[in-house]
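Asker:
In my numbering, the protein residues as written are 4 to 83.
1. To the nearest angstrom, how far is it from the Cα of residue 26 to the Cα of residue 57?
2. Give the DSSP-derived three-state secondary structure of residue 60 in the structure shown.
3. Ordered along the chain, which non-local residues of its own chain (more than five positions away) have a Cβ less than 6 Å from that of residue 35?
4. At what residues does the alpha helix (DSSP H) containing residue 30 begin and finish?
5. CA-CA distance, residue 46 and residue 53?
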């Protein structure tokens, strides 16, 4: 669904992160792009809220080289 609506999503995400994303981080980014909230991801992925927050923080560090609030990286991912 994501690639149909945003065909260059993965390439843009990898470009921003210099190709440093792990598969769980890619899955998390895809879910963010689809509009899933962290609470939805905890159920879907069977992970704790802390694990989801940690993944988003990790994506933020790899994309922006700094730790910012979750709204910032969520906004960037949704704009891709």
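A virtual CB, placed ideally from N, CA and C, is assigned to each residue, including glycine. Everything numeric in this text was worked out from a predicted model, so none of it was measured.
Answerer: The structure says:
1. 14 Å
2. helix
3. 77 and 80.
4. Residue 30 -> alpha helix (DSSP H) spans 26-36.
5. So the two alpha carbons sit approximately 13 Å from each other.
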